[in-house]
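Numbering (the UniProt record's numbering), first residue to last: 1 to 220.
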């Protein structure tokens with residue numbers, strides 16, 4: 001669960017490419033509602049970047065208004081649907097092993113990082129800070145989102161796309177992310193090595209470079 005601090009280390013590099021707009025995905029209980037809210041506050045035409053859950057929103061938004069999205073990037077994301085059991089477990093705040101909600105949150109936070117950095121106090125503090133600022137209500141709402149399988153929908157996205165997978169991602173399987181690129185008609189696939197799920201925090205310079213080169217080479 002992240003707020004705009006997720007992108008802080010990337011702002012100088014991305015800001016050189018154009019004006020940065022942050023999508024509000026905190027007030028709605030459906031992906032469609034989130035996508036519409038982001039769309040309503042966005043420029044007439046833009047490049048869209050979705051991280052993790054934001055990739056689900058980006059997919060829905062791009063299909064909702066393809067004429068407004070010049071290109072779309074999916075970072076450490078997926079299009080795999082959640083089973084009813086998975087959704088219920090997320091709503092309850094539990095992870096496998098029947099840990100209580102607080103412990104589950106701590107485990108999930110650490111697993112968002114590369115195994116070698118899961119005890120990094122700076123990264124953990126930033127992640128916990130984002131969670132605290134957003135609060136329980138947002139966490140509950142996002143955990144309860146209905147996420148249906150969307151791989152087939154990706155085939156209808158015609159604009160240029162970038163899919164970035166993180167080699168040591170323990171929250172999104174590498175195969176899930178790679179499969180997105182296989183379904184997108186005009187996709188570029190890139191891998192961040194030595195990186196867990198939280199790519200914008202763990203590898204901000206490398207991720208910025210990937211996005212910048214993709215934007216420049218596809219003339220977005």
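C-beta atoms are modelled at their ideal positions from N, C-alpha and C, and glycine is treated no differently.
Legend entry - Nearest to residue 54 (by Cα), restricted to the options 184, 179, 43 and 163: Among 184, 179, 43 and 163, the Cα nearest to that of residue 54 is on 163.
Legend entry - Boundaries of the beta strand (DSSP E) in which residue 213 is found, first to last residue: If you look at residue 213, you'll find it isn't in any beta strand (DSSP E); it sits in the alpha helix (DSSP H) that goes 204-217.
Inset, instruction - Give the straight-line distance between the Cα atoms of residue 165 and residue 51, rounded to the nearest whole angstrom. - result: Their backbone Cα atoms lie some 11 Å apart in a straight line.
Inset, instruction - Note down, in chain order, each residue of its chain lying with its Cβ closer than 6 Å to the Cβ of residue 139, except the 5 sequence neighbours on either side. - result: Taken in chain order, the residues that qualify are 1.
Legend entry - Exposure of residue 102, with buried meaning 16 or more beta-carbon neighbours within 10 Å: Residue placement at residue 102 is poorly supported in this model, since its pLDDT is 44, which falls under 50; the coordinates are not used for a value here.
Inset, instruction - Taking only the alpha-carbon atoms, compute the straight-line gap between residue 173 and residue 167 and give it to the nearest angstrom. - result: Their Cα atoms are separated by approximately 9 Å.
Inset, instruction - Check residue 80 in the structure and name its three-state DSSP category. - result: Of the three classes helix, strand and coil, the one that applies to residue 80 here is coil, per DSSP.
Legend entry - Burial state of residue 251 (16 or more Cβ within 10 Å): Any answer about residue 251 is impossible in this case: the structure gives the chain only from 1 up to 220.
Inset, instruction - Could you check the C-alpha separation between residue 210 and residue 75 for me, to the nearest Å? - result: Spanning the alpha carbons of residue 210 and residue 75 requires a straight line of approximately 11 Å.
Legend entry - Unbroken alpha helix (DSSP H) run spanning residue 123, endpoints: Run containing residue 123: 121-143, per the alpha helix (DSSP H) assignment.
Legend entry - Stretch pair the segment 34-45 + the segment 16-24: three plus CB contacts closer than 8 Å: Yes: the two stretches touch, three or more of their Cβ pairs being nearer than 8 Å.
Legend entry - Through-space distance from residue 10 to residue 200, alpha-carbon basis: Rounded to the nearest angstrom, the two C-alpha atoms are 7 Å apart.
Legend entry - residue 122 classed as buried or exposed, judged by whether at least 16 other C-beta atoms fall within 10 angstroms: Exposed, since its Cβ has fewer than 16 Cβ neighbours within 10 Å.
Legend entry - Neighbourhood of residue 181 by C-beta, 7 Å cutoff - its chain only, sequence neighbours within 5 removed: Only 163, 187 and 189 meet the Cβ criterion.
Inset, instruction - Would you tell me roughly how many angstroms separate the C-alpha atoms of residue 175 and residue 29, rounded to the nearest one? - result: Each residue's Cα considered, the two are about 28 Å apart.
Legend entry - For residue 39 and residue 61, the rounded distance between their alpha carbons: Rounded to the nearest whole angstrom, the CA to CA distance from residue 61 to residue 39 is 7 Å.
Legend entry - Start-to-end residues for the beta strand (DSSP E) that takes in residue 55: That residue, residue 55, is in no beta strand (DSSP E); its alpha helix (DSSP H) goes 53-64.
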